[in-house]
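Student: Dropping the structure in here first, questions after.
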Amino acid sequence: MAATDIMQTWPEESREAAKLVLDAYGEPDETSQSQLIWHKAGPWKRIVASKAFFNHNFPAPHIDSVESFIDYHVPPEKFSDLAAFDGSVIVERTAGEVSARCHDEQANFLALNLMHDIVTGAKSVEEARAYYAKEFADYRRKKPTPYMEKLRFTPDGRDTADPDERMLFDEDLKKAQQEGRKAH
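Structure follows, in structure tokens:
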């Protein structure tokens with residue numbers, strides 16, 4: 001089924017945001033009644049346009065329904081900083097991915113460029129939030145918005161997945177299983 005046919009049942013907010021991605025990258029690689037997915041579109045690992053949308057007030061009220069993903073390793077000690085920066089920047093430690101969910105690709109560039117600045121120490125959370133608000137307003141002023149044009153860094157080309165540290169070993173699991181049998 002064509003993306004435009006699927007989108008007909010979507011709320012106007014989601015339909016408008018998904019159309020921007022459709023116009024930029026053509027028909028999606030995967031479709032369902034609730035999502036359109038493009039793989040390796042532009043600089044992205046994938047883009048997901050969703051029927052569901054979320055109201056987001058930072059830096060001004062708008063909706064979030066388009067999520068752009070990259071491969072990127074975020075050290076666990078930076079997770080809280082990223083959560084404080086923008087609740088629509090999502091870190092998937094095990095998968096080694098970071099995504100930004102906003103209304104359009106340009107806002108996702110902005111969020112992920114600032115995420116990178118926070119992770120690398122180029123900006124504090126407060127500086128990143130202030131810069132986000134400035135560039136968001138500059139976009140409406142028709143002023144230059146360099147963080148909204150493209151990714152200003154190269155996403156990790158290496159394996160970014162973080163499977164974490166094993167804490168239970170075979171003998172621990174075997175012992176736990178035996179204890180479980182005795183308890184019944």
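In terms of the UniProt record's numbering, the sequence shown opens at residue 1 and continues consecutively. C-beta atoms are modelled at their ideal positions from N, C-alpha and C, and glycine is treated no differently. Since the structure is predicted, the reported quantities are computational estimates derived from the model, not experimental observations.
Between the alpha carbons of aspartate 71 and lysine 182, how many angstroms are there, rounded?
Tutor: About 45 Å.
Student: When we look at the beta-carbon of methionine 1 and count the other beta-carbons within 10 Å, is it buried (16 or more) or exposed?
Tutor: Exposed.
Student: Can you round the beta-carbon distance between alanine 161 and glycine 96 to whole angstroms, since I take them to be within the 8 Å contact cut?
Tutor: 4 Å between Cβ atoms; contact.
Student: Out of Glu171, Leu22, Glu77, Met167, which one is the CA nearest neighbour of residue 236?
Tutor: Nothing can be reported for residue 236, as the shown portion of the chain is limited to 1 through 184.
Student: State yes or no: is the C-beta of arginine 101 within less than 7 Å of the C-beta of aspartate 64?
Tutor: Yes, these two residues count as a Cβ contact at 7 Å.
Student: So what does isoleucine 37 bridge to, in DSSP terms?
Tutor: Glu30, Val48.
Student: How about isoleucine 90 and serine 68: are their beta carbons less than 7 Å apart?
Tutor: No. Outside cutoff.
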